[in-house]
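Colleague: Okay, handing you the structure first.
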Amino acid sequence: MTTAPQQDLDVSPSPLALLLLGREADPRSERGVECPGDLPSPSDPDLVARARAAKEKLGDKVFVLGHHYQRDEVIQFADVTGDSFKLARDAAARPEAEYIVFCGVHFMAESADILTSGDQKVVLPDLAAGCSMADMATAEQVAECWDVLTEAGIADRVVPVSYMNSSADIKSFTGRHGGTICTSSNAERALNWAFEQGEQVLFLPDQHLGRNTAVRDLGMSLEDCVVYNPHKPNGGLTAEELRAAKMILWRGHCSVHGRFSLESVNDVRERVPGVNVLVHPECRHEVVAAADYVGSTEYIIKALEAAPAGSKWAIGTELNLVRRLANRFAPEGKEIVFLDRTVCFCSTMNRIDLPHLVWTLESLAEGTLVNRIEVDPETEKYAKLALERMLALP
(Lines of atoms letter the chains of each structure in order from A and count residues from 1; the text may use other names and numbers.)
(Lines give C-alpha, C1' and ligand atoms only; values in the text may rest on other atoms or scores of the structure.)
Protein backbone atom coordinates (compact mmCIF):
# COMPACT_ATOMS: atom_id res chain seq x y z
CA MET A 1 0.00 0.00 0.00
CA THR A 2 2.92 2.32 -0.63
CA THR A 3 3.21 4.74 -3.50
CA ALA A 4 6.34 5.93 -5.25
CA PRO A 5 7.31 9.56 -4.55
CA GLN A 6 6.42 11.95 -7.35
CA GLN A 7 9.21 14.45 -6.77
CA ASP A 8 10.55 15.99 -9.97
CA LEU A 9 7.58 14.57 -11.85
CA ASP A 10 4.62 16.56 -13.08
CA VAL A 11 2.16 13.69 -13.17
CA SER A 12 -1.52 13.82 -12.24
CA PRO A 13 -3.49 10.59 -11.86
CA SER A 14 -5.94 10.04 -14.68
CA PRO A 15 -9.67 9.58 -13.94
CA LEU A 16 -9.27 5.89 -14.81
CA ALA A 17 -6.36 5.54 -12.39
CA LEU A 18 -8.36 7.19 -9.62
CA LEU A 19 -11.31 4.89 -10.35
CA LEU A 20 -9.10 1.81 -10.15
CA LEU A 21 -7.60 3.08 -6.89
CA GLY A 22 -11.08 3.45 -5.48
CA ARG A 23 -10.71 7.19 -4.97
CA GLU A 24 -13.15 8.21 -7.67
CA ALA A 25 -16.64 7.05 -8.63
CA ASP A 26 -18.15 6.28 -12.01
CA PRO A 27 -21.86 7.12 -11.70
CA ARG A 28 -22.56 6.31 -15.35
CA SER A 29 -21.61 2.66 -15.25
CA GLU A 30 -23.89 -0.24 -14.48
CA ARG A 31 -21.75 -2.44 -12.33
CA GLY A 32 -22.77 -5.90 -11.30
CA VAL A 33 -21.54 -9.43 -11.40
CA GLU A 34 -18.48 -11.20 -12.73
CA CYS A 35 -18.09 -14.95 -13.08
CA PRO A 36 -14.40 -15.82 -13.49
CA GLY A 37 -14.87 -19.33 -12.12
CA ASP A 38 -13.67 -18.64 -8.59
CA LEU A 39 -13.26 -15.89 -6.03
CA PRO A 40 -10.22 -13.61 -6.26
CA SER A 41 -7.10 -14.83 -4.49
CA PRO A 42 -6.75 -13.61 -0.89
CA SER A 43 -4.84 -10.39 -0.49
CA ASP A 44 -1.26 -10.26 0.77
CA PRO A 45 -1.38 -11.73 4.31
CA ASP A 46 1.08 -9.06 5.49
CA LEU A 47 -1.76 -6.57 5.17
CA VAL A 48 -3.62 -8.25 8.03
CA ALA A 49 -1.08 -6.99 10.55
CA ARG A 50 -1.23 -3.47 9.10
CA ALA A 51 -5.03 -3.40 9.23
CA ARG A 52 -5.00 -4.64 12.80
CA ALA A 53 -2.40 -2.06 13.86
CA ALA A 54 -4.26 0.85 12.24
CA LYS A 55 -7.58 -0.24 13.74
CA GLU A 56 -6.01 -0.54 17.21
CA LYS A 57 -4.47 2.92 16.87
CA LEU A 58 -7.86 4.42 16.00
CA GLY A 59 -9.57 2.63 18.90
CA ASP A 60 -13.13 3.78 19.59
CA LYS A 61 -12.82 6.53 16.97
CA VAL A 62 -13.56 4.00 14.24
CA PHE A 63 -16.48 1.61 13.79
CA VAL A 64 -16.17 -0.89 10.92
CA LEU A 65 -19.33 -2.27 9.33
CA GLY A 66 -19.20 -5.44 7.23
CA HIS A 67 -22.01 -6.45 4.89
CA HIS A 68 -22.78 -10.17 4.68
CA TYR A 69 -21.58 -10.27 1.07
CA GLN A 70 -18.06 -9.08 1.87
CA ARG A 71 -15.16 -11.45 1.52
CA ASP A 72 -13.75 -13.10 4.66
CA GLU A 73 -10.51 -11.11 4.64
CA VAL A 74 -12.57 -7.95 5.19
CA ILE A 75 -15.25 -9.42 7.47
CA GLN A 76 -12.58 -10.36 10.03
CA PHE A 77 -12.11 -6.64 10.79
CA ALA A 78 -15.82 -5.78 11.03
CA ASP A 79 -17.13 -4.73 14.43
CA VAL A 80 -20.60 -5.81 13.30
CA THR A 81 -21.97 -7.69 10.30
CA GLY A 82 -25.43 -7.63 8.77
CA ASP A 83 -27.57 -6.43 5.91
CA SER A 84 -27.51 -2.82 4.71
CA PHE A 85 -30.24 -1.42 6.96
CA LYS A 86 -29.11 -3.24 10.10
CA LEU A 87 -25.61 -1.87 9.59
CA ALA A 88 -26.85 1.69 9.07
CA ARG A 89 -28.82 1.45 12.32
CA ASP A 90 -25.80 -0.03 14.11
CA ALA A 91 -23.76 2.97 12.99
CA ALA A 92 -26.40 5.38 14.31
CA ALA A 93 -26.25 3.57 17.66
CA ARG A 94 -22.53 4.35 18.00
CA PRO A 95 -22.42 8.16 18.29
CA GLU A 96 -19.00 8.04 19.95
CA ALA A 97 -17.41 6.71 16.74
CA GLU A 98 -15.99 9.59 14.71
CA TYR A 99 -15.41 7.41 11.64
CA ILE A 100 -17.86 4.87 10.24
CA VAL A 101 -16.01 2.65 7.75
CA PHE A 102 -18.69 0.93 5.67
CA CYS A 103 -17.48 -2.23 3.96
CA GLY A 104 -20.36 -2.48 1.52
CA VAL A 105 -21.49 -0.44 -1.48
CA HIS A 106 -22.29 3.20 -2.12
CA PHE A 107 -26.02 3.31 -1.33
CA MET A 108 -25.36 1.62 2.00
CA ALA A 109 -22.83 4.25 3.00
CA GLU A 110 -25.33 6.95 1.98
CA SER A 111 -27.95 5.41 4.25
CA ALA A 112 -25.46 5.34 7.11
CA ASP A 113 -24.69 9.02 6.56
CA ILE A 114 -28.40 9.85 6.59
CA LEU A 115 -29.01 8.02 9.86
CA THR A 116 -25.87 9.06 11.75
CA SER A 117 -25.12 12.42 13.35
CA GLY A 118 -23.48 15.31 11.55
CA ASP A 119 -20.34 14.84 13.64
CA GLN A 120 -19.77 11.34 12.31
CA LYS A 121 -17.97 10.76 9.04
CA VAL A 122 -18.94 7.81 6.85
CA VAL A 123 -16.16 6.38 4.72
CA LEU A 124 -16.37 3.92 1.80
CA PRO A 125 -13.00 2.21 1.20
CA ASP A 126 -13.57 2.15 -2.57
CA LEU A 127 -15.77 4.79 -4.20
CA ALA A 128 -16.26 2.56 -7.23
CA ALA A 129 -18.11 0.02 -5.08
CA GLY A 130 -21.54 0.76 -6.47
CA CYS A 131 -24.64 -1.38 -6.97
CA SER A 132 -25.92 -2.38 -10.37
CA MET A 133 -29.51 -2.37 -9.12
CA ALA A 134 -29.26 1.08 -7.56
CA ASP A 135 -27.64 2.34 -10.77
CA MET A 136 -30.72 1.27 -12.75
CA ALA A 137 -32.86 4.11 -11.39
CA THR A 138 -31.54 7.67 -11.63
CA ALA A 139 -33.24 10.74 -10.19
CA GLU A 140 -33.86 12.10 -13.69
CA GLN A 141 -35.47 8.87 -14.88
CA VAL A 142 -37.74 8.62 -11.84
CA ALA A 143 -38.79 12.27 -12.18
CA GLU A 144 -39.69 11.59 -15.82
CA CYS A 145 -41.67 8.52 -14.75
CA TRP A 146 -43.65 10.65 -12.30
CA ASP A 147 -44.45 13.04 -15.15
CA VAL A 148 -45.76 10.07 -17.15
CA LEU A 149 -47.95 9.01 -14.22
CA THR A 150 -49.19 12.58 -13.88
CA GLU A 151 -50.11 12.73 -17.56
CA ALA A 152 -51.94 9.42 -17.18
CA GLY A 153 -53.96 11.01 -14.37
CA ILE A 154 -52.88 8.60 -11.64
CA ALA A 155 -49.98 10.29 -9.81
CA ASP A 156 -52.28 11.42 -6.99
CA ARG A 157 -53.24 7.83 -6.21
CA VAL A 158 -49.78 6.23 -6.63
CA VAL A 159 -47.58 5.69 -3.57
CA PRO A 160 -43.86 5.11 -4.20
CA VAL A 161 -42.18 2.30 -2.29
CA SER A 162 -38.42 2.14 -2.74
CA TYR A 163 -36.19 -0.74 -1.82
CA MET A 164 -33.34 -0.03 0.57
CA ASN A 165 -31.04 -0.87 -2.33
CA SER A 166 -31.47 2.54 -3.93
CA SER A 167 -29.59 5.81 -4.03
CA ALA A 168 -30.17 8.67 -1.60
CA ASP A 169 -31.75 10.59 -4.48
CA ILE A 170 -34.38 7.88 -4.98
CA LYS A 171 -35.04 7.63 -1.25
CA SER A 172 -35.47 11.42 -1.21
CA PHE A 173 -37.92 11.27 -4.14
CA THR A 174 -39.87 8.64 -2.21
CA GLY A 175 -40.03 10.81 0.89
CA ARG A 176 -41.15 13.87 -1.08
CA HIS A 177 -44.03 11.95 -2.66
CA GLY A 178 -45.44 10.37 0.49
CA GLY A 179 -43.81 6.99 0.13
CA THR A 180 -41.71 4.68 2.25
CA ILE A 181 -38.58 2.56 2.06
CA CYS A 182 -38.61 -1.21 2.50
CA THR A 183 -36.15 -4.03 3.02
CA SER A 184 -36.49 -7.58 1.79
CA SER A 185 -37.67 -8.45 5.31
CA ASN A 186 -40.51 -5.93 5.57
CA ALA A 187 -41.59 -5.47 1.94
CA GLU A 188 -44.98 -7.05 2.65
CA ARG A 189 -45.68 -4.63 5.51
CA ALA A 190 -44.51 -1.70 3.40
CA LEU A 191 -46.85 -2.62 0.54
CA ASN A 192 -49.79 -3.12 2.89
CA TRP A 193 -49.12 0.33 4.31
CA ALA A 194 -48.83 1.84 0.82
CA PHE A 195 -52.16 0.41 -0.29
CA GLU A 196 -53.77 1.98 2.76
CA GLN A 197 -52.47 5.35 1.54
CA GLY A 198 -53.32 4.99 -2.14
CA GLU A 199 -54.63 2.70 -4.85
CA GLN A 200 -51.43 1.91 -6.74
CA VAL A 201 -47.74 1.46 -5.96
CA LEU A 202 -44.65 2.50 -7.89
CA PHE A 203 -42.00 0.02 -6.72
CA LEU A 204 -38.36 1.02 -7.15
CA PRO A 205 -35.87 -0.20 -8.31
CA ASP A 206 -36.09 -4.03 -8.09
CA GLN A 207 -38.93 -5.45 -10.13
CA HIS A 208 -38.44 -8.96 -8.74
CA LEU A 209 -38.82 -8.08 -5.06
CA GLY A 210 -41.88 -6.00 -5.89
CA ARG A 211 -43.48 -8.71 -8.02
CA ASN A 212 -42.69 -11.55 -5.61
CA THR A 213 -44.05 -9.65 -2.63
CA ALA A 214 -47.23 -8.62 -4.44
CA VAL A 215 -47.99 -12.05 -5.88
CA ARG A 216 -46.56 -14.41 -3.28
CA ASP A 217 -47.39 -12.48 -0.12
CA LEU A 218 -50.34 -10.24 -1.01
CA GLY A 219 -52.14 -12.65 -3.34
CA MET A 220 -52.14 -10.44 -6.44
CA SER A 221 -51.88 -11.86 -9.93
CA LEU A 222 -49.04 -11.36 -12.37
CA GLU A 223 -51.53 -9.37 -14.48
CA ASP A 224 -51.79 -6.83 -11.66
CA CYS A 225 -48.15 -5.93 -12.30
CA VAL A 226 -46.65 -3.94 -15.18
CA VAL A 227 -42.99 -3.11 -15.75
CA TYR A 228 -41.95 0.48 -16.39
CA ASN A 229 -38.89 0.60 -18.65
CA PRO A 230 -37.11 3.97 -18.27
CA HIS A 231 -35.37 3.47 -21.59
CA LYS A 232 -38.63 3.48 -23.56
CA PRO A 233 -41.05 6.37 -24.21
CA ASN A 234 -43.68 6.45 -21.45
CA GLY A 235 -41.93 3.47 -19.91
CA GLY A 236 -43.13 1.28 -22.75
CA LEU A 237 -46.66 1.37 -21.34
CA THR A 238 -49.94 2.90 -22.44
CA ALA A 239 -51.94 5.18 -20.16
CA GLU A 240 -54.58 2.45 -19.97
CA GLU A 241 -52.02 -0.12 -18.81
CA LEU A 242 -50.75 2.25 -16.16
CA ARG A 243 -54.25 3.02 -14.90
CA ALA A 244 -55.19 -0.68 -14.69
CA ALA A 245 -52.08 -1.81 -12.81
CA LYS A 246 -51.89 -2.21 -9.05
CA MET A 247 -48.10 -2.55 -9.08
CA ILE A 248 -45.96 -0.43 -11.39
CA LEU A 249 -42.58 -2.13 -11.20
CA TRP A 250 -39.38 -0.36 -12.17
CA ARG A 251 -37.30 -2.31 -14.66
CA GLY A 252 -34.38 -3.02 -12.35
CA HIS A 253 -32.83 -6.13 -10.88
CA CYS A 254 -29.92 -7.50 -8.88
CA SER A 255 -27.14 -8.70 -11.15
CA VAL A 256 -26.34 -11.56 -8.77
CA HIS A 257 -29.81 -12.81 -7.85
CA GLY A 258 -31.07 -12.25 -11.38
CA ARG A 259 -28.70 -14.95 -12.64
CA PHE A 260 -30.55 -17.78 -10.95
CA SER A 261 -33.02 -19.58 -13.19
CA LEU A 262 -35.65 -22.28 -13.03
CA GLU A 263 -33.08 -24.53 -14.69
CA SER A 264 -30.76 -23.86 -11.74
CA VAL A 265 -33.44 -25.11 -9.35
CA ASN A 266 -34.26 -28.20 -11.41
CA ASP A 267 -30.59 -29.01 -11.89
CA VAL A 268 -29.69 -28.84 -8.21
CA ARG A 269 -32.64 -31.05 -7.28
CA GLU A 270 -31.27 -33.70 -9.66
CA ARG A 271 -27.69 -33.33 -8.41
CA VAL A 272 -28.51 -33.25 -4.69
CA PRO A 273 -31.41 -35.56 -3.79
CA GLY A 274 -33.47 -34.28 -0.88
CA VAL A 275 -32.08 -30.76 -1.13
CA ASN A 276 -33.96 -27.77 0.27
CA VAL A 277 -33.89 -24.79 -2.09
CA LEU A 278 -33.68 -21.47 -0.23
CA VAL A 279 -33.56 -18.25 -2.26
CA HIS A 280 -33.58 -14.49 -1.81
CA PRO A 281 -36.74 -12.62 -2.94
CA GLU A 282 -34.64 -10.60 -5.40
CA CYS A 283 -34.61 -13.74 -7.58
CA ARG A 284 -36.91 -14.06 -10.59
CA HIS A 285 -40.51 -14.99 -9.92
CA GLU A 286 -40.24 -18.46 -11.45
CA VAL A 287 -37.25 -19.20 -9.20
CA VAL A 288 -39.08 -18.04 -6.08
CA ALA A 289 -42.15 -20.05 -7.08
CA ALA A 290 -40.06 -23.21 -7.47
CA ALA A 291 -38.07 -22.77 -4.23
CA ASP A 292 -38.91 -24.42 -0.92
CA TYR A 293 -38.10 -21.34 1.16
CA VAL A 294 -37.78 -17.63 0.34
CA GLY A 295 -36.40 -14.88 2.52
CA SER A 296 -33.97 -12.08 3.19
CA THR A 297 -30.30 -12.53 3.97
CA GLU A 298 -31.04 -12.56 7.69
CA TYR A 299 -33.82 -15.11 7.09
CA ILE A 300 -31.42 -17.34 5.18
CA ILE A 301 -28.90 -17.28 8.01
CA LYS A 302 -31.52 -18.03 10.67
CA ALA A 303 -33.05 -20.84 8.59
CA LEU A 304 -29.68 -22.56 8.32
CA GLU A 305 -29.02 -22.05 12.03
CA ALA A 306 -32.28 -23.84 12.80
CA ALA A 307 -31.85 -26.57 10.18
CA PRO A 308 -31.34 -30.13 11.44
CA ALA A 309 -27.96 -31.83 11.18
CA GLY A 310 -27.55 -33.76 7.95
CA SER A 311 -29.94 -31.57 5.98
CA LYS A 312 -29.02 -30.40 2.48
CA TRP A 313 -29.46 -26.86 1.19
CA ALA A 314 -29.01 -25.04 -2.10
CA ILE A 315 -28.81 -21.30 -1.51
CA GLY A 316 -29.69 -18.67 -4.09
CA THR A 317 -27.79 -15.62 -2.93
CA GLU A 318 -24.31 -14.07 -3.10
CA LEU A 319 -21.41 -16.51 -3.13
CA ASN A 320 -19.30 -15.04 -0.32
CA LEU A 321 -22.15 -15.54 2.12
CA VAL A 322 -22.96 -19.04 0.84
CA ARG A 323 -19.36 -20.15 1.24
CA ARG A 324 -19.13 -18.65 4.71
CA LEU A 325 -22.32 -20.45 5.76
CA ALA A 326 -21.15 -23.73 4.19
CA ASN A 327 -17.93 -23.59 6.22
CA ARG A 328 -19.73 -22.52 9.38
CA PHE A 329 -22.27 -25.34 9.36
CA ALA A 330 -20.13 -28.15 7.91
CA PRO A 331 -19.15 -29.38 11.40
CA GLU A 332 -22.88 -29.86 12.09
CA GLY A 333 -23.21 -32.10 9.05
CA LYS A 334 -25.25 -29.59 7.05
CA GLU A 335 -24.50 -29.70 3.33
CA ILE A 336 -24.78 -26.22 1.78
CA VAL A 337 -24.19 -25.59 -1.92
CA PHE A 338 -24.51 -22.62 -4.27
CA LEU A 339 -27.73 -22.82 -6.28
CA ASP A 340 -26.09 -22.27 -9.66
CA ARG A 341 -23.27 -24.29 -11.21
CA THR A 342 -21.54 -21.08 -12.29
CA VAL A 343 -19.56 -19.48 -9.50
CA CYS A 344 -20.64 -15.85 -9.20
CA PHE A 345 -20.08 -13.09 -6.69
CA CYS A 346 -21.00 -9.45 -6.47
CA SER A 347 -18.04 -7.79 -8.14
CA THR A 348 -18.72 -4.37 -6.65
CA MET A 349 -18.94 -5.74 -3.11
CA ASN A 350 -15.63 -7.46 -3.80
CA ARG A 351 -13.99 -4.14 -4.65
CA ILE A 352 -13.80 -3.62 -0.90
CA ASP A 353 -10.70 -5.75 -0.41
CA LEU A 354 -8.00 -5.78 2.22
CA PRO A 355 -5.66 -3.36 0.38
CA HIS A 356 -8.44 -0.73 0.19
CA LEU A 357 -9.38 -1.31 3.83
CA VAL A 358 -5.75 -0.97 4.93
CA TRP A 359 -5.34 2.24 2.94
CA THR A 360 -8.50 3.62 4.53
CA LEU A 361 -7.63 2.71 8.11
CA GLU A 362 -4.03 3.87 7.84
CA SER A 363 -5.14 7.18 6.30
CA LEU A 364 -7.62 7.77 9.11
CA ALA A 365 -5.03 6.79 11.71
CA GLU A 366 -2.72 9.44 10.24
CA GLY A 367 -5.47 12.06 10.46
CA THR A 368 -6.33 12.08 6.74
CA LEU A 369 -10.02 11.74 5.90
CA VAL A 370 -10.51 9.79 2.66
CA ASN A 371 -13.50 8.70 0.58
CA ARG A 372 -16.10 10.40 2.73
CA ILE A 373 -19.72 9.80 1.72
CA GLU A 374 -21.87 12.85 2.37
CA VAL A 375 -25.51 13.33 1.43
CA ASP A 376 -26.55 16.95 0.92
CA PRO A 377 -29.00 18.36 3.52
CA GLU A 378 -32.02 18.71 1.18
CA THR A 379 -31.69 15.16 -0.14
CA GLU A 380 -31.09 13.85 3.36
CA LYS A 381 -34.19 15.59 4.74
CA TYR A 382 -36.65 13.73 2.53
CA ALA A 383 -34.69 10.48 2.39
CA LYS A 384 -34.73 10.40 6.19
CA LEU A 385 -38.48 11.07 6.13
CA ALA A 386 -38.98 8.00 3.92
CA LEU A 387 -36.76 5.90 6.21
CA GLU A 388 -38.65 7.09 9.28
CA ARG A 389 -41.92 6.01 7.67
CA MET A 390 -40.41 2.55 7.28
CA LEU A 391 -39.35 2.50 10.94
CA ALA A 392 -42.92 3.39 11.91
CA LEU A 393 -44.47 0.52 9.93
CA PRO A 394 -46.79 -1.61 12.06
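Each residue of the sequence shown is one higher than the one before, counting from 157 in my numbering.
Where a beta carbon is used, it is the ideal one built from N, C-alpha and C, also for glycine.
Residue 382 and residue 401 look like a contact to me (Cβ under 8 Å); what is the Cβ gap, rounded to whole Å?
Modeller: Position 226 of the sequence shown holds residue 382. Position 245 of the sequence shown holds residue 401. At roughly 4 Å, the Cβ-Cβ gap stays under 8 Å, so residue 382 and residue 401 are in contact.
Colleague: Taking the alpha-carbon positions, what's the residue 409 to residue 487 distance?
Modeller: Along the sequence shown, read from residue 1 onward, the residue named residue 409 stands at position 253. Along the sequence shown, read from residue 1 onward, the residue named residue 487 stands at position 331. Approximately 35 Å between the Cα atoms of the pair.
Colleague: Beta carbon of residue 493, beta carbon of residue 521: below 9 Å?
Modeller: For the purposes of this step, residue 493 is taken as the residue at position 337 of the sequence shown. For the purposes of this step, residue 521 is taken as the residue at position 365 of the sequence shown. Contact: no.
Colleague: Who does residue 376 pair with in a DSSP beta bridge?
Modeller: For the purposes of this step, residue 376 is taken as residue 220 along the sequence shown, with counting starting at 1. The partner list for residue 376 (beta bridge, DSSP) is empty, contrary to what the question assumes.
Colleague: Once DSSP output is grouped into helix, strand and coil, what is the label at residue 318?
Modeller: Residue numbering aside, residue 318 sits at position 162 when the sequence shown is read from its first letter. Three-state result, residue 318: strand.
Colleague: Anyone know if the C-beta pair for residue 214 and residue 243 falls short of 9 Å?
Modeller: Walking along the sequence shown from the start, residue 214 turns up at place 58. Walking along the sequence shown from the start, residue 243 turns up at place 87. For residue 214 and residue 243, no; Cβs fall outside 9 Å.
Colleague: Suppose you measure from the CA of residue 519 to the CA of residue 259; what does that come to, to the nearest Å?
Modeller: By one-based count along the sequence shown, residue 519 stands at place 363. By one-based count along the sequence shown, residue 259 stands at place 103. About 16 Å.
Colleague: For residue 328, which residues of its own chain have a beta-carbon under 6 Å away from its beta-carbon, when the five flanking residues on both sides are left out?
Modeller: Numbered from 1 along the sequence shown, position 172 holds the residue referred to as residue 328. Excluding sequence neighbours, residue 328 sits near 535, 538 and 539.
Colleague: Determine the direct distance from the alpha carbon of residue 210 to that of residue 424, and round the result to whole angstroms.
Modeller: Looking up residue 424 in the sequence shown gives position 268. Looking up residue 210 in the sequence shown gives position 54. Approximately 44 Å between the Cα atoms of the pair.
Colleague: Just to confirm my understanding: we take residue 279, look at its own chain, exclude 5 residues before and 5 after, and list those with CB closer than 8 Å. What are they?
Modeller: Walking along the sequence shown from the start, residue 279 turns up at place 123. Cβ within range, chain order: 255, 256, 257, 258, 265, 516, 520, 525, 526, 527, 528 and 529.
Colleague: Which residues share a DSSP beta bridge with residue 471?
Modeller: Here residue 471 is taken as the residue at index 315 of the sequence shown, counted from 1. Paired residue(s): 434 and 494.
Colleague: Note the first and the last residue of the continuous beta strand (DSSP E) segment covering residue 222.
Modeller: Translated into positions along the sequence shown, residue 222 becomes position 66. Looking at the DSSP string, the run of the beta strand (DSSP E) that includes residue 222 is 218-223.
Colleague: What residue range is occupied by the uninterrupted beta strand (DSSP E) comprising residue 277?
Modeller: On the sequence shown, position 121 is the one that residue 277 refers to. Per DSSP, residue 277 belongs to the beta strand (DSSP E) from 277-279.
Colleague: Inspect the CB distances between the region 404-418 and the region 452-468 and report whether three or more fall short of 8 Å.
Modeller: No contact exists between the region 404-418 and the region 452-468.
Colleague: Tell me the residue span of the alpha helix (DSSP H) that contains residue 301.
Modeller: The sequence position of residue 301 within the sequence shown is 145, counting from 1. It spans 295-307 - the alpha helix (DSSP H) in which residue 301 sits, taken as one unbroken run.
Colleague: Between the alpha carbons of residue 286 and residue 360, how many angstroms are there, rounded?
Modeller: Counting from 1 along the sequence shown, the entry for residue 286 is found at position 130. Counting from 1 along the sequence shown, the entry for residue 360 is found at position 204. Distance between the alpha carbons of residue 286 and residue 360: 17 Å.
Colleague: DSSP has residue 404 in a bridge; who is on the other side?
Modeller: Numbered from its first residue, the sequence shown carries residue 404 at position 248. DSSP, once it has assigned bridges, lists 358 and 382 as partnering residue 404.
Colleague: For residue 304 and residue 335, I'd like the C-alpha separation in whole angstroms.
Modeller: For the purposes of this step, residue 304 is taken as the residue at position 148 of the sequence shown. For the purposes of this step, residue 335 is taken as the residue at position 179 of the sequence shown. Distance between the alpha carbons of residue 304 and residue 335: 18 Å.
Colleague: Assign residue 366 to one of three DSSP states: helix, strand, or coil.
Modeller: The residue you call residue 366 lines up with position 210 of the sequence shown. Here residue 366 sits in helix by DSSP.
Colleague: If you measure between the beta carbons of residue 473 and residue 436, is that distance less than 9 Å?
Modeller: Translated into the one-based positions of the sequence shown, residue 473 becomes position 317. Translated into the one-based positions of the sequence shown, residue 436 becomes position 280. Cβ atoms of residue 473 and residue 436: closer than 9 Å.
Colleague: Skipping 5 residues on each side, what residues in its chain have a beta carbon closer than 6 Å to that of residue 546?
Modeller: Sequence index remark: in the sequence shown, residue 546 carries index 390 (1-based). Closer than 6 Å at Cβ, skipping near neighbours: 336 and 337.
Colleague: Assign residue 324 to buried or exposed, taking buried as 16 or more other Cβ atoms, counted over all protein chains shown, within 10 Å of its Cβ.
Modeller: By one-based count along the sequence shown, residue 324 stands at place 168. Classification for residue 324: buried.
Colleague: For residue 480 and residue 531, I'd like the C-alpha separation in whole angstroms.
Modeller: By 1-based counting over the sequence shown, the position of residue 480 is 324. By 1-based counting over the sequence shown, the position of residue 531 is 375. Each residue's alpha carbon lies about 33 Å from the other.
Colleague: Can you list, in chain order, the residues of its chain with a C-beta nearer than 8 Å to that of residue 309? Leave out the 5 residues immediately preceding and following it.
Modeller: For this step, residue 309 is matched to residue 153 along the sequence shown. Result list for residue 309: 395 and 399, in chain order.
Colleague: Starting from residue 449, follow its DSSP beta bridges and name the residues at the other end.
Modeller: By 1-based counting over the sequence shown, the position of residue 449 is 293. Note: residue 449 sits in a beta bridge opposite 434.
Colleague: On the three-state DSSP scale, how would you describe residue 528?
Modeller: Residue 528 sits at position 372 when you count from the first residue of the sequence shown. In this structure, residue 528 counts as strand in the three-state DSSP scheme.
Colleague: Enumerate in chain order the residues of its own chain whose CB-to-CB distance from residue 181 is below 8 Å, with the five nearest sequence positions on each side excluded.
Modeller: To locate residue 181, count along the sequence shown from 1; it is residue 25. Here the model assigns residue 181 a pLDDT of 47, short of 50, so the residue's position is not dependable, and the following value carries that caveat. Hits under 8 Å: 175, 262, 283, 284 and 286.
Colleague: Below 8 Å CB to CB, which residues in the same chain sit around residue 344 once its five sequence neighbours on both sides are set aside?
Modeller: By one-based count along the sequence shown, residue 344 stands at place 188. Contacts found: 369, 373 and 374.
Colleague: Excluding sequence positions up to five away, which residues of its chain have a Cβ less than 8 Å from the Cβ of residue 274?
Modeller: As a position in the sequence shown, residue 274 is number 118, starting the count at 1. So the list is empty, once near-sequence residues are dropped.
Colleague: Does any heavy atom of the ligand FAD sit closer than 8 Å to the C-beta of residue 270?
Modeller: Inclusion of the ligand FAD in the displayed structure is not the case, the ligand content being empty and no account of it being possible.
Colleague: Helix, strand or coil: which one does DSSP assign to residue 329?
Modeller: Your numbering for residue 329 matches position 173 in the sequence shown. Looking at residue 329 - three-state DSSP - the assignment turns out to be helix.
Colleague: In chain order, what residues of the same chain lie with their CB nearer than 7 Å to the CB of residue 533, ignoring the 5 residues before and after it?
Modeller: Taking the sequence shown and counting its residues from 1, one reaches residue 533 at position 377. None.
Colleague: Return the first residue and the last residue of the beta strand (DSSP E) that residue 310 is part of.
Modeller: Translated into the one-based positions of the sequence shown, residue 310 becomes position 154. Here residue 310 belongs to no beta strand (DSSP E), and DSSP marks it neither H nor E.
Colleague: Please report the straight-line C-alpha distance between residue 144 and residue 276, rounded to a whole angstrom.
Modeller: This structure does not reach residue 144, given that the chain is present from 157 up to 550, and the question cannot be answered.
Colleague: I need the DSSP call for residue 412, collapsed to helix, strand or coil.
Modeller: Looking up residue 412 in the sequence shown gives position 256. Coil at residue 412, not helix or strand.
Colleague: Can you have a look at residue 483 and say buried or exposed, based on whether 16 or more other CB atoms are within 10 angstroms of its CB?
Modeller: Indexing the sequence shown from 1 puts residue 483 at position 327. Flag for residue 483 reads exposed.
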